[in-house]
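J.: Protein chains in written order, with our numbering: chain A, 88 to 490; chain B, 88 to 490.
There are 2 protein chains.
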Amino acid sequence: MPNYKETYLTPKTELIKRIKDFQSMMQTEDLDGALISQSADIVYFCGTYQDLHLYIPAAGKPVIMIRRNIDRFRTDSKLDDYPVIKLRKFSEIIRNIKEHDLPVPKRLGLELDVIPASVYLKYKQLFAGADLIDCSSLIRRQRAIKSDYEIARTKETAKMMDNIFNALPSIIKPGKSEFELAGDIEKIARREGHQGLIKTRGFNAEFYFGQLLSGPNSAMSSYFDGPINGIGLYPEFPFGPGEKIIEREEPVLFDYVGAKHGYIVDITRTFAIGEAPDMIDNAYKVAEEIQQVILAKALPCMPAGHLYDLAFEQAQKHGLTDYFMGAPYPVSFVGHGVGLELNELPVLAKGVNTPLEAGMIMAIEPKFVFPGIGGVGLENTFVMSNTGLKKLCSFPDQTIIRL
Amino acid sequence: MPNYKETYLTPKTELIKRIKDFQSMMQTEDLDGALISQSADIVYFCGTYQDLHLYIPAAGKPVIMIRRNIDRFRTDSKLDDYPVIKLRKFSEIIRNIKEHDLPVPKRLGLELDVIPASVYLKYKQLFAGADLIDCSSLIRRQRAIKSDYEIARTKETAKMMDNIFNALPSIIKPGKSEFELAGDIEKIARREGHQGLIKTRGFNAEFYFGQLLSGPNSAMSSYFDGPINGIGLYPEFPFGPGEKIIEREEPVLFDYVGAKHGYIVDITRTFAIGEAPDMIDNAYKVAEEIQQVILAKALPCMPAGHLYDLAFEQAQKHGLTDYFMGAPYPVSFVGHGVGLELNELPVLAKGVNTPLEAGMIMAIEPKFVFPGIGGVGLENTFVMSNTGLKKLCSFPDQTIIRL
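(1) Taking CB distances under 7 angstroms as the criterion, tell me whether Ala217 of chain A reaches chain B.
(2) Any contact of the region 241-257 of chain A with the region 289-297 of chain B, i.e. 3+ C-beta pairs under 8 angstroms?
(3) Using a Cβ-Cβ cut-off of less than 7 angstroms, list which residues of the region 277-295 of chain A approach chain B; keep chain order.
(4) Give the secondary structure of Pro442 of chain A by DSSP, where H, G and I count as helix, E and B as strand, and everything else as coil.
(5) Are the beta-carbon atoms of Leu340 of chain A and Ser305 of chain A separated by less than 7 angstroms?
(6) I want to see whether chain A comes within less than 7 angstroms of Phe324 of chain B, judged by CB atoms only; does it?
(7) In the DSSP output, what is Ala436 of chain B paired with across the bridge?
(8) Provide the residue span of the alpha helix (DSSP H) that contains Ser223 of chain A, from first to last.
(9) In angstroms, rounded to a whole number, what distance separates the CA positions of Ala414 of chain B and Lys454 of chain B?
(10) Identify which residue in A:Glu444, A:Val463, A:Gly392 has its Cα closest to the Cα of Ser419 of chain A.
(11) Determine the direct distance from the alpha carbon of Asp396 of chain B to that of Ala436 of chain B, and round the result to whole angstroms.
(12) For the region 111-189 of chain A, which segments carrying the alpha helix (DSSP H) assignment without a break, of at least 4 residues, lie completely within its bounds, in sequence order?
(13) Report, in whole angstroms, the separation of the C-beta atoms of Ile360 of chain A and Ile259 of chain A, which I expect to be a contact under 8 angstroms.
(14) Output needed in chain order: residues of the region 133-161 of chain B with a Cβ under 7 angstroms from some Cβ in chain A.
(15) What does Lys331 of chain B reach in chain A if we use C-beta pairs closer than 9 angstroms?
(16) When you compare the region 111-119 of chain A with the region 140-156 of chain A, are there three or more beta-carbon pairs, one atom per stretch, that lie closer than 8 angstroms?
(17) Give me the Cα-Cα distance between Ser126 of chain B and Arg227 of chain A, rounded to the nearest whole angstrom.
(18) How would you list, in chain order, the residues of chain B whose beta-carbon sits under 8 angstroms from the beta-carbon of Lys274 of chain A?
(19) What does the alpha-carbon distance come out to for the pair Arg161 of chain B and Asp167 of chain B?
(20) Would you check if the distance between the CB atom of Pro364 of chain A and the CB atom of Asn440 of chain A is smaller than 7 angstroms?
(21) Return the residue from the list B:Leu284, B:Glu337, B:Gly329 that minimises the CA-CA distance to Val344 of chain B.
(22) For Ala383 of chain B, does the count of other Cβ atoms within 10 angstroms reach 16, so buried, or fall short, so exposed?
(23) Beta strand (DSSP E) containing Asn467 of chain A: first to last residue?
(24) Step through the CB atoms of chain A and report whether any lies within less than 7 angstroms of the CB of Ala204 of chain B.
(25) Could you tell me whether the region 301-315 of chain A touches the region 219-234 of chain A, using the rule of 3 or more Cβ pairs below 8 angstroms?
(26) Give the residues of chain B in contact with His348 of chain A, contact being defined as C-beta atoms less than 9 angstroms apart.
(27) Pro256 of chain B versus chain A: which residues are under 8 angstroms apart at the beta carbon?
(28) How would you call Lys107 of chain A, buried or exposed, if buried means at least 16 neighbouring beta carbons within 10 angstroms?
(29) Can you give me the start and stop residues for the alpha helix (DSSP H) that Ile356 of chain B sits inside?
(30) Just the C-alpha distance for Ser401 of chain A and Met113 of chain B, rounded to the nearest angstrom, thanks.
(31) By the three-class DSSP mapping on this structure, what secondary structure does Gln212 of chain A have?
(32) Under 7 angstroms, Cβ to Cβ, is there at least one residue of chain A near Asp200 of chain B?
(33) Which residue marks the beginning of the beta strand (DSSP E) containing Tyr343 of chain B, and which one marks its end?
(34) Which of the three DSSP states, helix, strand or coil, is assigned to Gly329 of chain A?
(35) Identify the contact partners of Ser87 of chain A in chain B, using a Cβ-Cβ distance below 7 angstroms as the criterion.
(36) Please classify Cys388 of chain A: is it buried, with 16 or more other beta-carbons within 10 angstroms of its beta-carbon, or exposed?
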């Protein structure tokens, strides 16, 4: 059977540490165990995804119950210390837990934010009498702090995004449509090893690569919880690049999400062929200033919401609050964690007290939207160290790039 | 604000008919109303997606409650006879129902197969005492029968897939990797107006374009409920094309999903540069024969499972049952409905008694998998008419295409 290169597999020590750290969190929260099945969480704990239930007891060895392809799991995951068994029927889960000398949980963690209601109702019947408790908040808190391995993987994604962005100036041409240009760029991305799929946690959070928008389209919002969403090709998927032809003297916003070996980097630049309108130019300078202020001040222990406040204050100083982070439907954050999913913790939103910590990887995206005219902004992905934020991409962000 | 062309909007009569038909089904099932929020179902009833709750009472006017972008809904949906209001808080849903002179439902339909458990628990509190009943099976049954409008849209997607497949023979070259070639093809697809995103109903049903696989990789299965899934680029997304270099004298399986204006067409062809191994060649002929037998016999009123039986009998006749529809993890179906989602009804699976009906659009995909050697097959998307199945794509399928 074909196989991945050894270096593509997440090391066993890494996976075991993730499981043990999660067990400690469960003990603190008095959970007896957690039954995990969402694909990003499975990738986090197992290093790969298969259709499986991972039962992690608060203490002792996890049990891995696979619905479909047990062989692929054995070749693609280094998690070989734990029992890996075939799950024929959903109802066998409890028997499998018992057979591996683990107590049947009375307080069971489930990913209540993502598992469907119908599945929840089956668990409820199966674990009759047990308290079913959301454990996604624990997993998401743990996943917010990246290991050295995860940071190294994310740096590979950042390198890929640099390569993609370096190709942009030569392919952005007036007279091309947004979606045509998007196809050109996505081809480069795929050649660089982009996985295509971008995982976004939650219901209906449908996402495809990101935004490549020009002029008024770069001021459009839609269903997605971000400042700028684009018009899209048609009403059935009202998101991302549309049919508009890119012209001179207008902002061309390029907000693309990179994903390689699972790990995400989010980056935005604003281009202009010729001069951008003054309003766009000025707002871009404020976005840069916001990034500088945040870079100068962000440190571990600072509440995540403080970065939003810093950004908002700068916008206020320049009289731009009406356009800050979207208009007329602004979002209340200036950034977000990224990792195996696009929308990880921390959320850099107003009022969020979660302290920043070393190891967090965050996209910070000060943006301004002028309805009918265009959107403009800057986004970089940073890793928090003990001494502050470090930028992961090296593509320049000093100014609007004039082609 | 930028806008779509008028012809891109789903006609009002179409949308109103969909809602009225669903109301009739709810009356038969004794539901008082349904609260709908999943993106594909919203696109079906509204012609576009926004973050909203659509309350459809069993009788009377629906209420559309929008969380975010009410302006986009007004421009992108023709549903302007019904109240469209801003939903500030989840808890306002009941008040909004009452304010529009509708009774608070005692038997409420919810999309239990897709809404997250945490959202279900909020509904349970909000509609205290009401029976919360899965209405996805009703919606999916209704959506299985396509209107003339939907068939016309799907034909546009089929035309797009013909254009993409016509480009293939000139770009499939030995020495190229699967993922590189995938990038080339996806660029063509995007230029043809492919929306990128492929909606697949259900938890963890992550999908990206499809399969472009060669030799042993075309025999790989993974987490996805399909006969052939590919190796993928790395364990974190073990699906689709991988790093393998395409060689001469091996099968190159190309199973891609087209999506345009929301509507999906699924098509598979097997190529070979030079001669394919005999085993592959022979199995391909059986796949063709299966398609012919199904085409000759399929008629409205026939149980969906009968098409699987017909396919299986042919496989049996040629001694190929061990390889039929995947090995060693075969799926139990030979086809599936397609529409706004890839995995619609009917499922052409063993034992399914659902009668086939005129208006159903189905992908039929007889495939054979020889582990370690390769996979081979043929897939077309058909619409059922009163006189039988009609193929939607015109790209030839007579034989393995030799380049």
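Even glycine gets a Cβ: it sits at the ideal position worked out from N, Cα and C. It should be emphasised that the depicted structure is a prediction, and the values quoted were computed from it without experimental measurement.
T.: Working from what's here:
(1) Residue mapping note: residue 217 of chain A aligns to position 130 of the first sequence, counting from 1. No, its Cβ sits nowhere closer than 7 angstroms to a Cβ of chain B.
(2) The answer is no - the region 289-297 of chain B does not touch the region 241-257 of chain A, with fewer than three Cβ pairs under 8 angstroms.
(3) Within the region 277-295 of chain A, the residues whose Cβ lies closer than 7 angstroms to some Cβ of chain B are Arg277, Arg278, Gly280, Gln282, Gly283, Leu284, Phe290, Asn291, Glu293, Tyr295, listed in chain order.
(4) Working through the first sequence from its first residue, we reach residue 442 of chain A at position 355. DSSP places Pro442 of chain A in strand when its eight states are reduced to three.
(5) In the first sequence, the residue the question calls residue 340 of chain A occupies position 253. In the first sequence, the residue the question calls residue 305 of chain A occupies position 218. For the 7 angstroms CB-CB criterion, Leu340 of chain A and Ser305 of chain A form a contact.
(6) For the purposes of this step, residue 324 of chain B is identified with residue 237 of the second sequence, where counting begins at 1. Yes, contact with chain A.
(7) As a working note, residue 436 of chain B is residue 349 in the second sequence. For Ala436 of chain B, which the question treats as bridged, DSSP gives the partners B:Phe420.
(8) Sequence index remark: in the first sequence, residue 223 of chain A carries index 136 (1-based). Its alpha helix (DSSP H) spans residues 223-231.
(9) Your numbering for residue 414 of chain B matches position 327 in the second sequence. Your numbering for residue 454 of chain B matches position 367 in the second sequence. Note on geometry: alpha-carbon atoms of Ala414 of chain B and Lys454 of chain B lie some 10 angstroms from one another.
(10) Position 332 of the first sequence, counting from 1, holds the residue named residue 419 of chain A. Closest option to Ser419 of chain A, judged by alpha-carbon separation, among A:Glu444, A:Val463, A:Gly392: A:Gly392.
(11) Position 349 of the second sequence, counted from the start, is the residue given in the question as residue 436 of chain B. Position 309 of the second sequence, counted from the start, is the residue given in the question as residue 396 of chain B. Ala436 of chain B and Asp396 of chain B: Cα-Cα distance of roughly 8 angstroms.
(12) Listed in chain order, the complete alpha helix (DSSP H) runs (minimum 4 residues) inside the region 111-189 of chain A are 126-133, 157-163, 180-186.
(13) Here residue 360 of chain A refers to the residue found at position 273 when the first sequence is read from its first residue. Here residue 259 of chain A refers to the residue found at position 172 when the first sequence is read from its first residue. So it is a contact: roughly 7 angstroms between Cβ atoms.
(14) Flagged, chain order: Gly134, Thr135, Tyr136, Gln137, Asp138, Arg155, Asn156, Arg159.
(15) Taking the second sequence and counting its residues from 1, the one referred to as residue 331 of chain B is at position 244. Close partners of Lys331 of chain B in chain A (Cβ separation under 9 angstroms): Pro89.
(16) With the cut-off at 8 angstroms, the region 111-119 of chain A and the region 140-156 of chain A touch.
(17) Numbered from 1 along the second sequence, position 39 holds the residue referred to as residue 126 of chain B. Numbered from 1 along the first sequence, position 140 holds the residue referred to as residue 227 of chain A. When rounded, the separation of the alpha-carbon atoms in Ser126 of chain B and Arg227 of chain A is 25 angstroms.
(18) Here residue 274 of chain A corresponds to residue number 187 of the first sequence, with the count starting at 1. Neighbours of Lys274 of chain A on chain B, chain order: Gly270, Asp271, Glu273, Lys274.
(19) In the second sequence, residue 161 of chain B corresponds to position 74, counting from 1. In the second sequence, residue 167 of chain B corresponds to position 80, counting from 1. Going from the Cα of Arg161 of chain B to the Cα of Asp167 of chain B covers about 7 angstroms.
(20) Taking the first sequence and counting its residues from 1, one reaches residue 364 of chain A at position 277. Taking the first sequence and counting its residues from 1, one reaches residue 440 of chain A at position 353. Cβ distance not < 7 angstroms, so Pro364 of chain A and Asn440 of chain A don't count as in contact.
(21) Within the second sequence, the letter at position 257 stands for residue 344 of chain B. Of B:Leu284, B:Glu337, B:Gly329, the residue nearest in Cα terms is B:Leu284.
(22) Translated into positions along the second sequence, residue 383 of chain B becomes position 296. Using a 10 angstroms sphere on the CB of Ala383 of chain B, the tally of other CB atoms stays under 16, which defines it as exposed.
(23) On the first sequence, residue 467 of chain A is found 380 positions in, with the first residue counted as 1. Secondary structure note for Asn467 of chain A: its beta strand (DSSP E) is the uninterrupted segment 467-472.
(24) Taking the first residue of the second sequence as position 1, residue 204 of chain B is located at position 117. Output row for Ala204 of chain B: interface = yes.
(25) Short answer: they don't touch.
(26) Walking along the first sequence from the start, residue 348 of chain A turns up at place 261. Per Cβ cutoff of 9 angstroms: Leu320, Tyr321, Pro322, Glu323, Phe324.
(27) If you number the second sequence from 1, residue 256 of chain B lands on position 169. Contact annotation for Pro256 of chain B against chain A: no contact, minimum CB-CB distance about 19 angstroms [criterion: below 8 angstroms].
(28) Looking up residue 107 of chain A in the first sequence gives position 20. Lys107 of chain A is exposed by the Cβ-count criterion.
(29) Here residue 356 of chain B corresponds to residue number 269 of the second sequence, with the count starting at 1. Residue identity differs from the one stated: residue 356 of chain B is Arg in this sequence, not Ile. Here Arg356 of chain B belongs to no alpha helix (DSSP H); instead the beta strand (DSSP E) covers 350-359.
(30) Stepping through the first sequence from its first residue, residue 401 of chain A is reached at position 314. Stepping through the second sequence from its first residue, residue 113 of chain B is reached at position 26. Just to set this straight, residue 401 of chain A is Gln in the shown sequence, not Ser. Distance between the alpha carbons of Gln401 of chain A and Met113 of chain B: 54 angstroms.
(31) Within the first sequence, numbered from 1, the residue matching residue 212 of chain A stands at position 125. Three-state DSSP puts Gln212 of chain A in a helix.
(32) The count along the second sequence starts at 1 and reaches residue 200 of chain B at position 113. Residue-level contact check: Asp200 of chain B touches chain A, since one or more beta carbons of chain A fall below 7 angstroms from its beta carbon.
(33) Here residue 343 of chain B refers to the residue found at position 256 when the second sequence is read from its first residue. From DSSP, the beta strand (DSSP E) with Tyr343 of chain B extends over 338-347.
(34) Here residue 329 of chain A is taken as the residue at index 242 of the first sequence, counted from 1. In the structure shown, Gly329 of chain A sits in coil (DSSP, three-state: anything other than H, G, I, E or B).
(35) Since the first residue shown for chain A is 88 and the last is 490, residue 87 of chain A is missing from the structure and cannot be characterised.
(36) Along the first sequence, one-based indexing puts residue 388 of chain A at 301. Counting Cβ neighbours within 10 Å, Cys388 of chain A comes out exposed, since fewer than 16 surround it.
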